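Some notes on the structure that comes next.
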Amino acid sequence: MHMTRHKHSKKQNTTLTLREPVISEKLTKKMELTEDILLRVPIVTGYGNQRFCIENYRNIIEYTTNLIRVQTKTGKIHILGRNLVIAYFRDDAMCVMGEVLSIEYH
Numbered sequence: 809m810h811m812t813r814h815k816h817s818k819k820q821n822t823t824l825t826l827r828e829p830v831i832s833e834k835l836t837k838k839m840e841l842t843e844d845i846l847l848r849v850p851i852v853t854g855y856g857n858q859r860f861c862i863e864n865y866r867n868i869i870e871y872t873t874n875l876i877r878v879q880t881k882t883g884k885i886h887i888l889g890r891n892l893v894i895a896y897f898r899d900d901a902m903c904v905m906g907e908v909l910s911i912e913y914h
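All residue numbers in the sequence shown are consecutive under the numbering used here, ending with 914.
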């Protein structure tokens with residue numbers, strides 16, 4: 809009786825290689841998209857100390873006239889100030905107006 813070896817039964821030499829870039833990194837390079845758009849990184853844009861807009865946020869955690877706390881994919885953003893109001897918000901962007909004293913990343 810003749811036994812044949814399975815084609816994968818031989819030990820193969822393996823070498824470690826660098827990990828292939830993840831799909832989002834490949835798409836960024838291929839489509840020339842900026843990383844913040846593709847990975848939904850929060851973008852905070854200030855206009856003086858009277859108006860700040862946040863893009864790519866997840867939800868509003870707390871909202872008072874002195875503090876607005878926002879959850880993002882990468883953490884929390886706290887906007888501290890006086891007479892703060894959310895001028896507008898939609899699914900992925902919001903704008904805060906009032907006297908902004910500080911912005912903290914947590």
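A virtual CB, placed ideally from N, CA and C, is assigned to each residue, including glycine.
Please read these numbers as outputs of a predicted model, since none were measured by experiment.
Where does V893 land, buried or exposed, given buried means 16+ other C-beta within 10 angstroms?
Burial call: exposed.
Alpha-carbon spacing of G889 relative to T872, whole angstroms
Using only the alpha carbons, I get a separation of about 10 Å.
What is the DSSP secondary structure of L824, reduced to helix, strand or coil?
Because L824 sits at a pLDDT of 48, beneath the cut-off of 50, its placement in the model cannot be relied upon, and the following sentence gives the value as read from the coordinates. When secondary structure is reduced to three states using DSSP, L824 falls in the coil class, being assigned neither helix nor strand.
So, at 7 Å on beta carbons, what are the nonlocal neighbours of R898 in its own chain, with the 5 sequence-adjacent residues on each side left out?
Nothing meets the Cβ criterion.
Less than 8 Å between the beta carbons of D900 and E863, yes or no?
Cβ atoms of D900 and E863: closer than 8 Å.
Is DSSP giving R859 helix, strand or coil here?
Strand, per DSSP.
Measuring alpha carbon to alpha carbon, tell me which of S910, E907, L909, M902 ends up nearest I868.
Checking every option, the nearest Cα to that of I868 belongs to M902.
For V908, which of helix, strand or coil comes out of DSSP?
Reduced to three states, the DSSP call for V908 is strand.
Could you spell out the range, first to last residue, of the beta strand (DSSP E) harbouring N891?
Unbroken beta strand (DSSP E) run through N891: 884-897.
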